[in-house]
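The end of the sequence shown is residue 161 by this note's numbering, with every number in the run present. Virtual Cβ for every residue (Gly too), placed ideally from N, Cα, C.
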Amino acid sequence: MMLRRILRNLFSRPATRPFPKFSREPAAGYRGAVEFDSEKCIFCGACALRCPANAITVDRANKTLTFDLFRCIHCACCQEACKRGCVQLRAAYHPPVFEKPLLEFSGAPILQEEAAQSDRPA
């Protein structure tokens, strides 16, 4: 039984692909790398409130958004919560890294008057 399995494995195709030479395309609907568009973002914090892994922190006063890649579970809740379409999960694999980077995005700091106006209900 064991000899038969060894011979079958010796003369059959390999079960895996040689990765650097042949890479596999992500499956349809794959939620991979997260992208933020800081030009469209108003730093409202809706994405941070919906994130179950607390991977996103937003500082409205300084207009900064910090994203922790290693806390993200790729659930796409942040993408659904963003009404302006600033958060996108694209079908691409994350590149390997040696450190745990925090991605920081920033916009122009808002003035006190603008902050007071944005906090008022419409």
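Give the secondary structure of residue i by DSSP, where H, G and I count as helix, E and B as strand, and everything else as coil.
{"i": "isoleucine 45", "result": "helix"}
{"i": "leucine 108", "result": "coil"}
{"i": "glutamate 74", "result": "strand"}
{"i": "glutamate 119", "result": "helix"}
{"i": "glutamine 151", "result": "At glutamine 151 the pLDDT is 47, less than 50, meaning the model places this residue with poor confidence; the figure from the coordinates comes in the next sentence. The answer is helix: DSSP assigns glutamine 151 an H, G or I state."}
Using only CA atoms, which one of the options lies nearest to residue i?
{"i": "arginine 129", "options": "Glu143, Phe61, Arg56, Val73", "result": "Val73"}
{"i": "alanine 132", "options": "Arg70, Ala54, Pro57, Lys122", "result": "For the sequence presented, residue 132 should be read as tyrosine rather than alanine. Nearest C-alpha to tyrosine 132: Arg70."}
{"i": "lysine 140", "options": "Val126, Arg110, Asp98, Arg52", "result": "For the record, residue 140 in the displayed sequence is proline; it is not lysine. Checked all of Val126, Arg110, Asp98, Arg52; the closest Cα to proline 140 is Arg110."}
{"i": "cysteine 83", "options": "Met41, Glu143, Cys121", "result": "Cys121"}
{"i": "serine 145", "options": "Arg89, Met41, Arg123, Ala100", "result": "Ala100"}
Can you tell me whether residue i is buried or exposed, with buried defined as 16 or more other CB within 10 angstroms of its CB?
{"i": "leucine 104", "result": "buried"}
{"i": "arginine 47", "result": "exposed"}
{"i": "phenylalanine 106", "result": "buried"}
{"i": "alanine 85", "result": "buried"}
{"i": "phenylalanine 137", "result": "exposed"}
What whole-angstrom Cβ distance do residue i and residue j have, given they're in contact under 8 Å?
{"i": "alanine 87", "j": "isoleucine 95", "result": "4 Å"}
{"i": "arginine 89", "j": "cysteine 116", "result": "4 Å"}
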